[in-house]
Amino acid sequence: MKNYKNILAAVALLFGVSTAVQAQTVEDNYPYNFITVQGGAQGTFTNYKFNKLITPQVALSFGRYFNSKVGARLHVQGWEIKSAIPGVSLNSKLSDDYKFKAITGDLDLLMNMTNIINPRRTCDVFDWVMLLGFGVNYGWDFDEFNERNDALTMNPNPDLCGSKQSCYNMRLGTQFNFNVSKNLAIGLEIDGNMKNDEFNLKRNFNPDFQLSALLGLTFKFGQPQKKVVEPEPEPVYEAPAPPPAPKPVVKPEPKPEPKPVVKDEPLKEVFFYNIRLSDPDPDAILNRIVSWCNKYPQKGISIKGYADRGTGNPRINVGYAKARAEKVAKALQEKGVDASRMTVESFGDTVQPYDENDKNRCVIVVGE
Numbered sequence: 024m025k026n027y028k029n030i031l032a033a034v035a036l037l038f039g040v041s042t043a044v045q046a047q048t049v050e051d052n053y054p055y056n057f058i059t060v061q062g063g064a065q066g067t068f069t070n071y072k073f074n075k076l077i078t079p080q081v082a083l084s085f086g087r088y089f090n091s092k093v094g095a096r097l098h099v100q101g102w103e104i105k106s107a108i109p110g111v112s113l114n115s116k117l118s119d120d121y122k123f124k125a126i127t128g129d130l131d132l133l134m135n136m137t138n139i140i141n142p143r144r145t146c147d148v149f150d151w152v153m154l155l156g157f158g159v160n161y162g163w164d165f166d167e168f169n170e171r172n173d174a175l176t177m178n179p180n181p182d183l184c185g186s187k188q189s190c191y192n193m194r195l196g197t198q199f200n201f202n203v204s205k206n207l208a209i210g211l212e213i214d215g216n217m218k219n220d221e222f223n224l225k226r227n228f229n230p231d232f233q234l235s236a237l238l239g240l241t242f243k244f245g246q247p248q249k250k251v252v253e254p255e256p257e258p259v260y261e262a263p264a265p266p267p268a269p270k271p272v273v274k275p276e277p278k279p280e281p282k283p284v285v286k287d288e289p290l291k292e293v294f295f296y297n298i299r300l301s302d303p304d305p306d307a308i309l310n311r312i313v314s315w316c317n318k319y320p321q322k323g324i325s326i327k328g329y330a331d332r333g334t335g336n337p338r339i340n341v342g343y344a345k346a347r348a349e350k351v352a353k354a355l356q357e358k359g360v361d362a363s364r365m366t367v368e369s370f371g372d373t374v375q376p377y378d379e380n381d382k383n384r385c386v387i388v389v390g391e
């Protein structure tokens, strides 16, 4: 049964469904800039064996995500490309295939499909991204091509187009990224590229297609800083002013002065909490409540828990409010306050005792 629960938790994380309540969403980590380095392989689809036309590739890209759904990048990829002139091996000792150097630069639009499908997810361990781009391919170092072209001089091939060096590139691809930390991700990218048919110095009036697979590391920087919530200052306790001294009365027989009336000291203490916390802090507030209970053993106290309406949802906030109130009551019992003197209530986020949203993550203790 335990293994079954662990598997469900892993699947939930993979698809961006949080297995624990968190106050922030992935939108809080955007916008940001990134640099990606990649390595992998690329193959060309043409009128030759595909497995003979696979070459290594490296890539570098610079980009920015403007929000959790849309980004853009400048992507540069290249190393070697292979193509072939079928029939060369019949006329010479050369092989049909040849390689040359090439580099492709693209401007790509990035769409985070995970955030588009589930914009309110709170766990961003996994991202699925679609990309669409357009750019230019440039080739050089065509010595092997020229050797095979020269081998066909006895039987010229009109489809060869000489020294053509650049062409357009259109791209459609996808990424699967796993966020190792806030600033680092690893990912797999698979791209389909379409080039005009002259990129490999041949012309058959049909575009050429390439498939590339790249593994990479992405370094993120420039994310917005999380706002640090300063803890509320402890309430300053002011003792009530003593009653005024009675005026002396001059009489033949002085009467005893009446004893000063001591009013019961009021009790109202408030525990404020940061997001997702329910343990009472600081300890000084608990000690003041215990001192008041020892001073007035005949009186009781009410403990009321609340949650702020600005974060979470009503079902979750009910649990937070209840846990906060019950933990305060338990802490007072451990310090010697009898449970029969306590009334514990929780209101979730249905009641907001303060106008400021963050102050409503609180427990209010009142002496009765």
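Whatever position you read off the sequence shown (first residue = 1), add 23 for our numbering.
For glycine and all other residues, C-beta sits at the position ideal for the given N, C-alpha and C.
Annotated three-state conformation of isoleucine 298 is coil, per DSSP. DSSP places isoleucine 108 in no alpha helix (DSSP H); its state is neither H nor E. The residue from Asn172, Ala346, Met153 with its alpha-carbon nearest to that of valine 93 is Met153. Among the bridge pairs identified by DSSP, phenylalanine 199 is matched with Trp151, Leu211. Within 10 angstroms of the beta-carbon of aspartate 306 lie fewer than 16 other beta-carbons, which makes it exposed.
Phenylalanine 165 sits in coil when the DSSP states are folded into three classes, being neither helix nor strand.
According to the DSSP assignment, glutamine 233 belongs to the beta strand (DSSP E) that extends over 231-244. Distance from the CA of cysteine 190 to the CA of serine 115, rounded to the nearest whole angstrom, comes to 30 Å.
Less than 7 Å separates the beta-carbon of phenylalanine 123 from that of phenylalanine 165. Taking the C-beta atoms as reference points, lysine 350 is found no nearer than 7 Å to aspartate 381. In the structure shown, leucine 309 adopts helical secondary structure according to DSSP, grouped into three states. The continuous stretches of beta strand (DSSP E) do not include valine 374, and DSSP gives it neither H nor E.
Counting only residues of its own chain and dropping the five nearest sequence neighbours on each side, alanine 208 has a CB closer than 6 Å to the CB of Asn200, Asn202, Thr241. Inclusion of glutamine 198 and glycine 210 in the CB contact set at 7 Å is warranted, their separation being smaller than that value.
If you draw a straight line from the Cα of asparagine 340 to the Cα of asparagine 297, it comes to about 13 Å.
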